[in-house]
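So the structure is just underneath, and the comments pick up after that.
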Amino acid sequence: MSNTFSQHLADEAQTVAMGERLCKYIKNGAVLFLHGDLGAGKTTLSRGIVQGMGHTGKVKSPTYTLVEPYELDDVSIYHFDLYRLGDPEELEYMGIRDYFSPNAICIIEWPQKGAGFIPSPDLNVEMAYDGEQRTITVSANSERGKTIVMQLGQDA
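Structure (structure tokens):
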């Protein structure tokens, strides 16, 4: 059984649908690191996850706020975008550790900017350009992550 899952995403709708599919397996909490160039689909995937968990409002990019919290009936989701983070130590001042409870879903764009101040991920998600389309690769980084990737692969 592979610890990696890959899929081609033809458009924005398929990227959102992939997030909705992924949310079925992370509903009990997970830390996801989203990697990829600007415009590769990280926020679009995040929108699919948040909406798939039941959020009906807009899903905003937290580029300027660093974090957008979504408190839903069954789960807390925290969507981070660290792209504009000047110094990782700023995360300590905002109380970053308080967000990472075992049952929370923490989605982190540009995680390398928070090195040393955020926990290791359960999943590394790579979004890459494939012409006008995208490819997603989900890699497990923990036992929880391995279970999620296995379920995702069985659902393909």
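Final position of the sequence shown in my numbering is 1188; the numbers increase by one with none missing. Glycine is no exception: its CB is placed at the ideal position from the N, C-alpha and C atoms.
Margin query: On the criterion of 16 or more Cβ atoms from any shown chain inside 10 Å, does Tyr1110 qualify as buried, or is it exposed?
Written below: buried
Notebook entry, point to check: Thinking just about the alpha-carbon of each residue, which of Ala1049, Asn1035, Gly1073, Thr1036 is nearest to the one in Asp1162?
Noted result: Gly1073
Margin query: My output table needs one value for Glu1124: the three-state DSSP class, helix, strand or coil.
Written below: helix
Margin query: Suppose only complete runs of 4+ residues qualify. What are the alpha helix (DSSP H) ranges in the region 1068 to 1112, listed by chain order?
Written below: 1074 to 1084
Item checked: Nearest candidate by alpha-carbon position, reference Gly1080, set Phe1132, Asp1043, Glu1124 -> Asp1043
Notebook entry, point to check: In the structure shown, what three-state DSSP assignment does Ile1058 receive?
Noted result: helix
Item checked: Status (buried if at least 16 other CB within 10 Å, exposed otherwise) for Pro1101 -> Under this definition Pro1101 is an exposed residue.
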